[in-house]
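In our numbering, the protein residues as written are 101 to 226. Glycine included, each C-beta is placed from N, C-alpha and C at the ideal position. Values in this document were obtained by computation on a predicted structure and should not be read as measured data.
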Amino acid sequence: MKRFFLAIAAVAALVACSGKTGIEKELVGAYDAKMEVVLPDSTDAAAAEMAEAVLTQMKVEMDFKSDGKVTMVMNGQQHGGTWEMQADSSLVIVDPSGTLNFKVSKTNDGFKLTGDEMSFALTPKK
101 MKRFFLAIAA VAALVACSGK TGIEKELVGA YDAKMEVVLP DSTDAAAAEM
151 AEAVLTQMKV EMDFKSDGKV TMVMNGQQHG GTWEMQADSS LVIVDPSGTL
201 NFKVSKTNDG FKLTGDEMSF ALTPKK
């Protein structure tokens, strides 16, 4: 009986050590994503207002799978790629258009992905 419990403990330890952990594990799932463009300080107010108006019209969805695949839908067009978290809470997404790098932080209602040129506010799909 003692060996049985030791075997179960060993299997549980192996399972716990495999797969995604921490924020990486929490990120797995489907999200509505609100895109934000990071504008330089020199951008005039009219340009910033126009960019915000365009972005509010875009429907963006992201679905992070536990197998490292990601599906992004922007205005009805679906794009696939891969994703991975790095030790410093950086998210790397690779798709046919290139590589995107984001800093990931938790928010009250989801996550914030902050990049050099664009950011996303992710809220879980219901």
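query, result
"So, for Q186: in the same chain, excluding its five sequence neighbours on each side, which residues have a beta-carbon less than 7 Å away from its beta-carbon?", "V192"
"If you measure between the beta carbons of D167 and A130, is that distance less than 7 Å?", "no"
"Taking 6 Å as the limit between beta carbons, can you name the residues of its chain near D195, skipping five residues before and five after?", "H179 and G181"
"Per DSSP, what kind of secondary structure is E217 in: helix, strand or coil?", "coil"
"Ordered along the chain, which non-local residues of its own chain (more than five positions away) have a Cβ less than 8 Å from that of S189?", "I123, K203, V204 and S205"
"Does M158 come out as helix, strand or coil in the three-state DSSP assignment?", "coil"
"Less than 8 Å between the CB atoms is what I'm expecting for E152 and S219, so what's the real figure, rounded?", "So it is not a contact: roughly 13 Å between Cβ atoms."
"What span of residues does the alpha helix (DSSP H) with G122 cover, start to end?", "G122 to L127"
"Are the beta-carbon atoms belonging to D144 and T223 less than 7 Å from one another?", "no"
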